[in-house]
Amino acid sequence: MTSANCAPVQVALGRRYYFSASHRLHSSELSEEENCRIYGKCNNPYGHGHNYILEATVTGPVNPATGMIANLAELDAFVEREVLDAFDHKSLNEDVEAFREKVPTTEYLCIEIYRRLKAFPAAKLLRIRVEETSNNSFEYSGEPDRQVGQREGTKP
Ligand code: NI
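Mapping the sequence shown onto the working numbering, position 40 (from 1) lands on 47, and the numbers just tick up by one.
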């Protein structure tokens, strides 16, 4: 796919991963009343769980010898080590250092996962997408103005 006259072909590769975790939406910057009003039942002191779907998209040149951007086994091992081992069947508030102080909304979850995966050595991390429920999904591409999403608890 390469020649002396043109750059290697860039292709994006998306791979899906699954993890289950609990969280409680509670901001230390808000009063008890505000937390209750803003987060509703998601502010329940005992938390609740989600079956999250994570899609990590990487991009890079297609290696002319292998026909691939990156070896999926390498990506899987990296995501497992950096994200799944840390988040799966865990309390995001209690078990993940980043959420001791920061409210574990899926917006912040995307940013934290992006931070953990951007060091993937074999390709460039393009985007993180997290589905919190079948109605809510969030994306982060490393630039604050590119986050999109819908608040949990709103109508589909
Ligand atoms: Ni939730």
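Cβ coordinates follow ideal geometry from the N, Cα and C atoms, glycine included.
- Scanning Asn-58, Glu-108, His-96 and Gly-67 for the CA closest to the CA of Pro-15 turns up Gly-67.
- In this structure, the alpha-carbon of Thr-140 lies about 7 Å from that of Asn-58.
- Distances between the C-beta of His-55 and the heavy atoms of the ligand NI include at least one below 7 Å.
- A contact is defined here as three or more CB-CB pairs under 8 Å, and the region 34-44 fails this definition with respect to the region 92-105.
- Ser-144 and Ala-72 have their C-alpha atoms roughly 36 Å apart.
- Relative to the ligand NI, His-33 has its C-beta separated by 7 Å or more from all heavy atoms.
- Within the model, the alpha-carbon separation for Thr-113 versus Leu-79 is close to 25 Å.
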